[in-house]
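For the sequence shown, my numbering assigns the number 2 to the initial residue and increments by one for each residue that follows. C-beta: ideal position from N, C-alpha, C; glycine also. Here the structure is a predicted model, which means the values were calculated and not measured.
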Amino acid sequence: MLGFQELKLKFFPAFTLRDVRKKNILGWNGTDWYELCQRGQASSKQARAASLTGDVCIEIERRNLSYSQKLEIYRDNGMPWMEPILLTLPQKWKQPKSSKFSHS
Numbered sequence: 002m003l004g005f006q007e008l009k010l011k012f013f014p015a016f017t018l019r020d021v022r023k024k025n026i027l028g029w030n031g032t033d034w035y036e037l038c039q040r041g042q043a044s045s046k047q048a049r050a051a052s053l054t055g056d057v058c059i060e061i062e063r064r065n066l067s068y069s070q071k072l073e074i075y076r077d078n079g080m081p082w083m084e085p086i087l088l089t090l091p092q093k094w095k096q097p098k099s100s101k102f103s104h105s
């Protein structure tokens, strides 16, 4: 079976897995995609914004500031203010080393 690199895929459907009445439902809205990058290759501005949106949602849930259901709209559609915020942050914050928040 060929891998993503051999097939030269740049984007892959962003499937979501939801728990609906104790059944796992796999879905795709037809518009969201994952950008596939090789190691060392910089991801696009939109991909960084989407990654940080997920991190922000996780942190909001962890701090019990909102319920998970209320954040689904941001997971599905993104946060429109995330890209302009990334432009104002210093260069070291633009490329996170991991998917978790770190205050270094």
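Opening and closing residue of the beta strand (DSSP E) in which residue i lies
i, result
"GLY28", "24 to 28"
"THR17", "17 to 21"
"ARG35", "For the record, residue 35 in the displayed sequence is Tyr; it is not Arg. Here the beta strand (DSSP E) through TYR35 covers 34 to 36."
Under 9 Å between C-beta atoms of residue i and residue j
i, j, result
"ILE61", "LEU53", "no"
"ASP77", "ASN30", "yes"
"VAL57", "TYR68", "no"
Whole-Å CB distance - residue i paired with residue j, under 8 Å assumed
i, j, result
"LEU18", "LEU27", "6 Å"
"TRP34", "ALA50", "Rounded, the Cβ-Cβ distance is 14 Å, inconsistent with contact."
"LYS46", "LEU87", "7 Å"
Span of the alpha helix (DSSP H), counted from its first residue to its last, around residue i
i, result
"PRO85", "83 to 89"
"TYR68", "No alpha helix (DSSP H) holds TYR68; DSSP gives it neither H nor E."
Proximity test, residue i beta-carbon vs the ligand COA heavy atom, cut-off 8 Å
i, result
"PRO85", "Among the components modelled here there is no ligand, and therefore nothing to report on the ligand COA."
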